[in-house]
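There are 4 protein chains.
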Amino acid sequence: MAHLGARITELREGYVEVCTSYRPELTQQHNYFHAGVSAAIADSACGYAAYSLMPVDGSVLTVEYKINLLAPAAGEELIARARVIRSGKTLKVCSAEVYTRGNGAETHCATMLATIMCLPGKPDRSG
Amino acid sequence: MAHLGARITELREGYVEVCTSYRPELTQQHNYFHAGVSAAIADSACGYAAYSLMPVDGSVLTVEYKINLLAPAAGEELIARARVIRSGKTLKVCSAEVYTRGNGAETHCATMLATIMCLPGKPDRSG
Amino acid sequence: MAHLGARITELREGYVEVCTSYRPELTQQHNYFHAGVSAAIADSACGYAAYSLMPVDGSVLTVEYKINLLAPAAGEELIARARVIRSGKTLKVCSAEVYTRGNGAETHCATMLATIMCLPGKPDRSG
Amino acid sequence: MAHLGARITELREGYVEVCTSYRPELTQQHNYFHAGVSAAIADSACGYAAYSLMPVDGSVLTVEYKINLLAPAAGEELIARARVIRSGKTLKVCSAEVYTRGNGAETHCATMLATIMCLPGKPDRSG
Numbered sequence: 002m003a004h005l006g007a008r009i010t011e012l013r014e015g016y017v018e019v020c021t022s023y024r025p026e027l028t029q030q031h032n033y034f035h036a037g038v039s040a041a042i043a044d045s046a047c048g049y050a051a052y053s054l055m056p057v058d059g060s061v062l063t064v065e066y067k068i069n070l071l072a073p074a075a076g077e078e079l080i081a082r083a084r085v086i087r088s089g090k091t092l093k094v095c096s097a098e099v100y101t102r103g104n105g106a107e108t109h110c111a112t113m114l115a116t117i118m119c120l121p122g123k124p125d126r127s128g
Numbered sequence: 002m003a004h005l006g007a008r009i010t011e012l013r014e015g016y017v018e019v020c021t022s023y024r025p026e027l028t029q030q031h032n033y034f035h036a037g038v039s040a041a042i043a044d045s046a047c048g049y050a051a052y053s054l055m056p057v058d059g060s061v062l063t064v065e066y067k068i069n070l071l072a073p074a075a076g077e078e079l080i081a082r083a084r085v086i087r088s089g090k091t092l093k094v095c096s097a098e099v100y101t102r103g104n105g106a107e108t109h110c111a112t113m114l115a116t117i118m119c120l121p122g123k124p125d126r127s128g
Numbered sequence: 002m003a004h005l006g007a008r009i010t011e012l013r014e015g016y017v018e019v020c021t022s023y024r025p026e027l028t029q030q031h032n033y034f035h036a037g038v039s040a041a042i043a044d045s046a047c048g049y050a051a052y053s054l055m056p057v058d059g060s061v062l063t064v065e066y067k068i069n070l071l072a073p074a075a076g077e078e079l080i081a082r083a084r085v086i087r088s089g090k091t092l093k094v095c096s097a098e099v100y101t102r103g104n105g106a107e108t109h110c111a112t113m114l115a116t117i118m119c120l121p122g123k124p125d126r127s128g
Numbered sequence: 002m003a004h005l006g007a008r009i010t011e012l013r014e015g016y017v018e019v020c021t022s023y024r025p026e027l028t029q030q031h032n033y034f035h036a037g038v039s040a041a042i043a044d045s046a047c048g049y050a051a052y053s054l055m056p057v058d059g060s061v062l063t064v065e066y067k068i069n070l071l072a073p074a075a076g077e078e079l080i081a082r083a084r085v086i087r088s089g090k091t092l093k094v095c096s097a098e099v100y101t102r103g104n105g106a107e108t109h110c111a112t113m114l115a116t117i118m119c120l121p122g123k124p125d126r127s128g
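Protein chains in written order, with this note's numbering: chain A, 2 to 128; chain B, 2 to 128; chain C, 2 to 128; chain D, 2 to 128.
And the structure:
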């Protein structure tokens, strides 16, 4: 998160928004955000959304995710909005939508579906 | 690829190996490679494997991928080995296995299944 | 569709609802709908949603999908609601939510993210 | 499995082969096996492969899978070969390859990556 300059901009039970701003090292030759950055903040947002429904001494681990890249991630900011679809005791299924913001408009650039594992009482393994 | 310090270490038709070495900024609090780094080099390796079967003036675009994270990515090097499973004209389906190398042994830390789109005659859109 | 007893119950541009009713052969030992039935009607719904945005002489082909099974599919009816998230010329990305209906309530039992290929002018390859 | 006429044709620790033979009701308008049949036997094979590494009183549950459909499933037999890639205590990650057999040759028609949950001591919830 720190390396990507990402920060949590909204947090409710089962819902998290994560943002990062344009930096040259996060973009590729066309000044688009790298797909890897979209995936990383969407994965982080899913993890935090899952974590928001857990006991404070627990931690989370991403089991797997699928991401579809929908459009080039051109813009000044990259935003991932994640919510928990199914909250089981051991596993939480989350979805995240990634948008870029530029010139006052948002473009939907990626969608993720993720499975997050809850590790109760293991705060130090937080992913 | 440059930002991750990644380099192609093997290249055949339909097969690519990509490696990156330990750097503090690629790792998290436990000195494991970030999951995002595993995903990014596996995605790159899939793209190059697809590209190895295309005309030189074409380019590739990742449509989507799924990754399962299998084990913590602890080690000195992170290696992604990708191959094309199905080579269609428009779409290539690729799989990648990600390993860490440390103390002379390899650990399987992630597996990816990806769909790559071929853009013939559009060299500048190379993802 | 016929084999599953599935029928389209709602159809708009980019949105389709498909339903099937309880039959012994679609269920397993606990009278839940088989996961395979949930996947099949969600896949069909995604295909029809994509098709609803295409020229009439075209056809669709499922490239890939991911499904998360969220809860046992117990109930009298199984309903898949699919929408197109991103409508490209060649590929359409669709999501589907599967619910069971029983005793007047709906339960969310599966979620799918799918990539559908459009085959213009090839009506006979319709999947 | 019974409904699909599927049977286990090979079983080792962490590896299972499942086959089904041509039946009109498993095929679509072109006499190809339905994609849903490929997905169902691949999912079953992954479940059995996971189960082969578990205590006998346990059961398995498919958390999620992704399938890429690679080629039309034309042939007399449909074969799914699954193996466990990563065997954790709670989750097992499995891959399956689906082939059709006809005229003495095999065609690779689908590939699956699945996450299976182990439910120790709950034999009756076997999926």
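Just so it is clear, CB atoms sit at the ideal spot from N, CA and C, and this is done for glycine as well. It should be emphasised that the depicted structure is a prediction, and the values quoted were computed from it without experimental measurement.
message: With a threshold of 6 Å on Cβ separation, who are the neighbours of alanine 97 of chain A within its own chain once the five nearest residues in sequence on each side are excluded?
response: So the list reads Ala43, Ala46, Cys47, Ala81, Ala83, Met113, once near-sequence residues are dropped.
message: For serine 39 of chain C, report the span of its alpha helix (DSSP H) as first-last.
response: Looking at the DSSP string, the run of the alpha helix (DSSP H) that includes serine 39 of chain C is 36–52.
message: I need the straight-line Cα distance from threonine 116 of chain D to glycine 37 of chain C, nearest angstrom please.
response: Their backbone Cα atoms lie some 15 Å apart in a straight line.
message: What does the alpha-carbon distance come out to for the pair glutamate 26 of chain B and tyrosine 33 of chain B?
response: One C-alpha to the other measures close to 11 Å.
field: Contact set for alanine 106 of chain A: own chain, Cβ-Cβ below 7 Å, skip 5 residues either direction
entry: Answer for alanine 106 of chain A: no residue qualifies.
- prompt: What are the residues that DSSP puts in a beta bridge with lysine 67 of chain C?
  reply: DSSP lists C/Leu114, D/Lys67 as partners of lysine 67 of chain C.
- request: Indicate the three-state DSSP secondary structure (helix, strand or coil) for glutamate 77 of chain A in the structure shown.
  value: Coil, per DSSP.
- prompt: In angstroms, rounded to a whole number, what distance separates the CA positions of glutamate 65 of chain C and methionine 2 of chain A?
  reply: About 30 Å.
Residues that leucine 71 of chain C contacts on chain E, provided the C-beta gap is smaller than 8 Å: Absent from the structure: chain E. Protein chains present are A, B, C and D.
field: Helix, strand or coil at glutamate 11 of chain D [DSSP, three-state]
entry: If DSSP states are grouped into helix, strand and coil, glutamate 11 of chain D belongs with the strands.
- prompt: At least one CB of chain A closer than 9 Å to the CB of valine 64 of chain D: is that the case?
  reply: It does; some Cβ of chain A falls within 9 Å.
- request: Identify, in the order they occur along the chain, each residue of the same chain with its Cβ nearer than 7 Å to the Cβ of arginine 24 of chain B, setting aside the five sequence neighbours on each side.
  value: Spatial neighbours of arginine 24 of chain B in its own chain (CB-CB distance under 7 Å, excluding positions within 5 residues in sequence) are listed in chain order as Gly6.
- prompt: Where valine 99 of chain B and glutamate 11 of chain C are concerned, what is the direct C-alpha to C-alpha distance, given to the nearest angstrom?
  reply: Computed Cα separation, rounded: 44 Å.
message: Which same chain residues end up closer than 6 Å to tyrosine 49 of chain B when comparing Cβ atoms and leaving out the 5 residues on each side of it in sequence?
response: So the qualifying residues of the chain are Val17.
query: Within 9 Å (strictly less), CB to CB, does lysine 67 of chain A reach chain D?
result: For lysine 67 of chain A, the nearest beta carbon of chain D is closer than 9 Å to its own beta carbon.
message: Under DSSP, the beta strand (DSSP E) around glycine 103 of chain D begins and ends at which residues?
response: Glycine 103 of chain D -> beta strand (DSSP E) spans 92–103.
Alpha-carbon to alpha-carbon, histidine 31 of chain A and valine 19 of chain D: Each residue's Cα considered, the two are about 48 Å apart.
message: Do alanine 40 of chain C and alanine 72 of chain D count as a contact pair if the criterion is CB distance below 9 Å?
response: No; because the gap between Cβ atoms is not below 9 Å, this pair is not in contact.
- prompt: Which bits of chain D does threonine 91 of chain A rub up against, with CB to CB less than 8 Å?
  reply: By Cβ distance, chain D contributes Thr91, Met118.
message: For histidine 4 of chain D, would you say it is in contact with chain B, using Cβ-to-Cβ distances shorter than 9 Å as the test?
response: No, no contact with chain B.
field: CA nearest to the CA of glutamate 14 of chain B, picked from B/Met118, B/Val85, B/His35
entry: The option with the nearest alpha carbon to glutamate 14 of chain B is B/Val85.
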